[in-house]
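Chemist: Just so you know, the sequences run in chain order A and B. If you use the numbering used here, the first sequence corresponds to residues 1 to 299, in order. If you use the numbering used here, the second sequence corresponds to residues 1001 to 1291, in order. Note that beta-carbon positions come from the ideal geometry of N, C-alpha and C, so glycine has one too. My questions will all concern the structure given below.
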Amino acid sequence: MDKAAMMQKAQQMVESFDDLPTIPQVATKVIQLLDRPNVELDQVADLILSDQVLAARVIKMVNSPLYRPAHPVQSVKRALIYLGIHHIRELAFSCSFVDVFQGRDAIIDIKSFWEHSFGVGMVAKIIAEKVHYPDSEKAYLVGIVHDIGEVFLSYYRQDDFRAMLKEVEGKPFRLFEKEAEFLGASHADVGLCIARKWNFPADYCEVIALHHSPEEAQLDPTLCAIVNLADLFCSVCNLDYGGHSWVSFSLREEKAWSILKGYAPDLADLDVERFCYELEDRVPEIQDMVKAIFQDTGV
Amino acid sequence: MAFEMKPLEPKGSAPRISDKDFEQLRDYIYNVCGIYFHSSKKYFLESRLARRMESTGSRSHAEYYQYVRGGATGATELKKLLDEITTNETCFFRNPPQLTALENKFLPEIVAAKSKIGFKKLRIWSAGSSSGEEAYTMAMILLEKRNTILKDWIIEIVGTDINETVIAQAKEGIYNSYSVRNTPEFYRKKYFKEEGAGRFVLSPEVKKLATFSQLNLYDDNKMLFMKSFDFIFCANVLIYFDTSSKSKVVQHFYNNLQPYGYFFVGQSESLHGVNDKFKTIHFPGGFTYNK
């Protein structure tokens, strides 16, 4: 199936999801507010505080090991100052997501979806810092949202999704490659349609659409490559959707690796084995955070 | 010699190791031996260090760290520390992610490639085989494929170790319950005869597939004869070698591996800085090397 046909199929699919969730109102308002010039930090803080669950999550996430604040951040306002105004929109996005996906457990359970997503966010941030990408926070947040298409496919197309997993059981495969065959569109296509519907920024849309083919990226190939590699590393470090996908790879053959080495040549000296062992060390952090986000807010 | 972590024993009196000391020692062990201590192993390391600190009269972890880094006495001490944190005992089905990867991907790939040219022979080497658990694990896995992808194939599994005593044990094929603790029930029932008192006797069918002999990995002449392997396993052996010996031995492995073959090291081991010809292939729960 050609690319255009798959996109069309993805679009039809997303239109047919009759109860596709919307981004919560507060998040939308935060986003609109942040688009205005000269927005006051207090205004944003007040708006976030109007939704206690969102406010609690913002504080929890800022304090998570991923952001590593030197001192505990206890108020929304301090969280905003710590993160910087530019990141609030993204944070509002990701905090709202926890609600958006609530109850969409299907073939892929939401907890393992979040573990993978936050894992990719964390690893993307680490890679971004290693290659001196100018906005590692963005790498983190875009890492969190890269797979939104997957959770919807596994929820709205349960039978086909199950058939796909059954077919590939015990064989090496990348979900991405099998989805087109079994579902008519990949999670990247579906994710892009949802991201557009939700008015995500263009560079976010690009990563969602092309995190499996970073070489096609136009806006920010480096960012796409970072998320692509973060995704691969998570797939081999126990953040792999509870084992629903079985991936093997060699960096030398990955286009993302070439893109990043072009961007930061000293990456060629990276001790990749040790890098993997260090990531494995951080997996419990991610699992604890996902557990905490769900527990303490009563979601 | 094939080694694995000894089970953790409660050691209430071991001095607590700080994160900084732990990281320092972990980095040192990694740089010298190529074995990575995960944070989850911190308390394990702590209890093992307590014994070594007592023997060397070190009053703090920092002092021990200085000691182990110091010249010839440090090198001897490092070997003792490695002995303390590893043990001569190994077990069947020790590295499940590795076995899954092998069954899922690497074996079917090699079988497909060789079938195409009509060369139906598979050669596997367990280097540092100890008492044979790794070699026999492979034998059992391959036996299960005798009616499918490995029908009419010749299978040769070779185990080598420098230690004659463990070679004799491997040839005997009698194990205790500790050795079979990770063995899936299916395999335990099918390929072992339990003879009371925790004695597990391996079936002749499995033993027939593997041969064992004494070999020193430093012995260049003998290493030249270990030819044409599809899979080579060498777990927790290289950690005892210095960098130049390690490079030499790994180069032998490289030469002795078929172009499409795979070289596996132990869990938490790394070949970084030892050989840059091998490609690292990542899979869920580990990685392997190929050409």
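If the cut is a Cβ gap below 8 Å, which residues of chain B does A:CYS276 touch?
Modeler: As a working note, residue 276 of chain A is residue 276 in the first sequence. Correct list: HIS1282, PHE1287.
Chemist: Which chain A residues sit within Cβ distance under 8 Å of B:SER1270?
Modeler: The residue given as residue 1270 of chain B occupies position 270 in the second sequence. Here the neighbours are ASP271, GLU273, ARG274, TYR277.
Chemist: Quick check: is the beta carbon of A:VAL299 nearer than 8 Å to any beta carbon in chain B?
Modeler: On the first sequence, position 299 is the one that residue 299 of chain A refers to. Legend: pLDDT at A:VAL299 = 42, less than 50; position of this residue unreliable, no value from coordinates given.
Chemist: Take every Cβ of the stretch 114-129 of chain A, pair it with every Cβ of the stretch 75-90 of chain A, and state whether three or more of those distances are shorter than 8 Å.
Modeler: No, the stretch 114-129 of chain A is not in contact with the stretch 75-90 of chain A.
Chemist: Helix or strand or just coil, what does DSSP make of B:CYS1234?
Modeler: Here the question's residue 1234 of chain B lines up with position 234 in the second sequence. Strand.
Chemist: So, with DSSP's three-state summary, where would you put A:TYR277?
Modeler: Taking the first sequence and counting its residues from 1, the one referred to as residue 277 of chain A is at position 277. In the structure shown, A:TYR277 sits in a helix (DSSP, three-state: H, G or I).
Chemist: Within 8 Å, do at least three Cβ pairs link the stretch 1191-1211 of chain B to the stretch 1155-1162 of chain B?
Modeler: Yes, they touch.
Chemist: What are the start and end residues of the beta strand (DSSP E) that includes B:SER1126?
Modeler: In the second sequence, counting from the first residue as 1, residue 1126 of chain B sits at position 126. Per DSSP, B:SER1126 belongs to the beta strand (DSSP E) from 1121-1127.
Chemist: With 16 other CB atoms within 10 Å as the buried threshold, where does A:HIS132 fall?
Modeler: Locating residue 132 of chain A in the first sequence gives position 132, where the first residue counts as 1. That one is exposed.
Chemist: Buried or exposed for A:SER303, please, with buried defined as at least 16 other CB atoms from any protein chain shown within 10 angstroms of its CB.
Modeler: Beyond the ends of chain A as shown, which are 1 and 299, falls residue 303 of chain A; an answer cannot be given.
Chemist: Can you give me the start and stop residues for the alpha helix (DSSP H) that A:HIS116 sits inside?
Modeler: Looking up residue 116 of chain A in the first sequence gives position 116. Looking at the DSSP string, the run of the alpha helix (DSSP H) that includes A:HIS116 is 110-130.
Chemist: Which residues in chain A have a C-beta closer than 8 Å to the C-beta of B:TYR1262? List them in chain order.
Modeler: Translated into positions along the second sequence, residue 1262 of chain B becomes position 262. Per Cβ cutoff of 8 Å: no residues; B:TYR1262 is ~11 Å from chain A at best.
Chemist: DSSP three-state label for B:PHE1186, please.
Modeler: Stepping through the second sequence from its first residue, residue 1186 of chain B is reached at position 186. Three-state result, B:PHE1186: helix.
Chemist: Helix, strand or coil: how does DSSP classify A:LEU41 here?
Modeler: Numbered from its first residue, the first sequence carries residue 41 of chain A at position 41. Looking at A:LEU41 - three-state DSSP - the assignment turns out to be helix.
Chemist: Pick helix, strand or coil for B:PHE949, following the three-state DSSP scheme.
Modeler: One cannot answer for residue 949 of chain B here, as it falls past the ends of chain B, which runs 1001 to 1291.
Chemist: Can you tell me whether A:ARG157 is buried or exposed, with buried defined as 16 or more other CB within 10 angstroms of its CB?
Modeler: Walking along the first sequence from the start, residue 157 of chain A turns up at place 157. Result: buried.
Chemist: Give me, in chain order, the residues of the same chain whose beta-carbon lies closer than 6 Å to that of A:ASP18; leave out the 5 immediate sequence neighbours on both sides.
Modeler: In the first sequence, residue 18 of chain A corresponds to position 18, counting from 1. If we look at A:ASP18 and ignore the five residues flanking it on each side, it has no Cβ neighbours.
Chemist: B:TYR1028 and B:ARG1094: beta carbons closer than 8 Å?
Modeler: The residue given as residue 1028 of chain B occupies position 28 in the second sequence. The residue given as residue 1094 of chain B occupies position 94 in the second sequence. No, the Cβ-Cβ distance between B:TYR1028 and B:ARG1094 is not below 8 Å.
Chemist: If we cut at 8 Å on Cβ distances, does A:PRO265 have a partner in chain B?
Modeler: Position 265 of the first sequence, counted from the start, is the residue given in the question as residue 265 of chain A. It does not; no Cβ of chain B falls within 8 Å.
Chemist: If we count the other Cβ atoms within 10 Å of its Cβ and call it buried at 16 or more, is B:ASN1176 buried or exposed?
Modeler: Taking the second sequence and counting its residues from 1, one reaches residue 1176 of chain B at position 176. B:ASN1176 should be labelled exposed.
Chemist: Taking Cβ to Cβ, would you say A:VAL76 is nearer than 8 Å to A:ILE59?
Modeler: Translated into positions along the first sequence, residue 76 of chain A becomes position 76. Translated into positions along the first sequence, residue 59 of chain A becomes position 59. Yes, they are a contact pair.
Chemist: A:GLY119 CB to nearest chain B CB: under 8 Å?
Modeler: The residue given as residue 119 of chain A occupies position 119 in the first sequence. Not closer than 8 Å to any Cβ of chain B, the Cβ of A:GLY119 fails to qualify, so no.
Chemist: If you measure from the beta carbon of A:ASN238 to each beta carbon in chain D, is any gap under 8 Å?
Modeler: No chain D is present in this structure, whose protein chains are A and B.
Chemist: May I ask you to list the residues that DSSP assigns as paired with B:ALA1210?
Modeler: As a position in the second sequence, residue 1210 of chain B is number 210, starting the count at 1. According to DSSP, B:ALA1210 bridges with B:ILE1157.
Chemist: Using a Cβ-Cβ cutoff of less than 6 Å, which residues in the same chain neighbour B:LYS1042 once the five nearest sequence positions on both sides are dropped?
Modeler: As a working note, residue 1042 of chain B is residue 42 in the second sequence. These residues qualify, in order along the chain: PHE1022.
Chemist: Return no unless some Cβ of chain A is closer than 8 Å to the Cβ of B:LYS1105.
Modeler: By one-based count along the second sequence, residue 1105 of chain B stands at place 105. With 8 Å as the cut-off, B:LYS1105 counts as an interface residue toward chain A.
Chemist: Give me the chain B residues within the contact set of A:LYS171, using Cβ-Cβ distance strictly less than 7 Å, ordered along the chain.
Modeler: Translated into the one-based positions of the first sequence, residue 171 of chain A becomes position 171. Within 7 Å Cβ-Cβ: ASN1104.
Chemist: Per DSSP, A:HIS187 forms a beta bridge with which residues?
Modeler: Here residue 187 of chain A refers to the residue found at position 187 of the first sequence. For A:HIS187, which the question treats as bridged, DSSP gives no partner whatsoever.
Chemist: Okay, do the stretch 199-211 of chain A and the stretch 1242-1253 of chain B touch, 3+ Cβ pairs below 8 Å being the bar?
Modeler: Contact between the stretch 199-211 of chain A and the stretch 1242-1253 of chain B is absent, because fewer than three Cβ pairs lie under 8 Å.
Chemist: Could you tell me whether the Cβ of B:ALA1101 comes closer than 8 Å to any Cβ of chain A?
Modeler: Within the second sequence, residue 1101 of chain B is the residue found at index 101, counting from 1. True, the Cβ-Cβ gap to chain A drops below 8 Å.
Chemist: Have a look at B:GLY1034, B:ASN1031, B:LEU1025, B:GLY1074 and flag the residue whose alpha-carbon is nearest the alpha-carbon of B:ALA1062.
Modeler: Indexing the second sequence from 1 puts residue 1062 of chain B at position 62. The option with the nearest alpha carbon to B:ALA1062 is B:LEU1025.
Chemist: For the structure I just gave you, are there three or more beta carbon pairs, one from the stretch 186-203 of chain A and one from the stretch 143-157 of chain A, closer than 8 Å?
Modeler: As far as the Cβ criterion goes, the stretch 186-203 of chain A touches the stretch 143-157 of chain A, which means the pair count is three or higher.
Chemist: State the CB to CB distance for the pair A:SER94 and A:ILE144, rounded to an integer number of angstroms; the pair is presumed to be in contact (CB under 8 Å).
Modeler: Stepping through the first sequence from its first residue, residue 94 of chain A is reached at position 94. Stepping through the first sequence from its first residue, residue 144 of chain A is reached at position 144. So it is a contact: roughly 5 Å between Cβ atoms.
Chemist: Does A:ASP281 get closer than 8 Å to chain B when you measure Cβ to Cβ?
Modeler: Counting from one through the first sequence, the residue named residue 281 of chain A turns up at place 281. So yes, A:ASP281 belongs to the interface.
Chemist: Is the stretch 227-240 of chain A touching the stretch 1277-1287 of chain B in the sense that three or more CB pairs, one from each, lie closer than 8 Å?
Modeler: Touching, per the Cβ criterion.
Chemist: Is B:SER1115 close to chain A? Criterion is C-beta to C-beta, closer than 8 Å.
Modeler: To locate residue 1115 of chain B, count along the second sequence from 1; it is residue 115. No, because no Cβ of chain A sits closer than 8 Å to the Cβ of B:SER1115.
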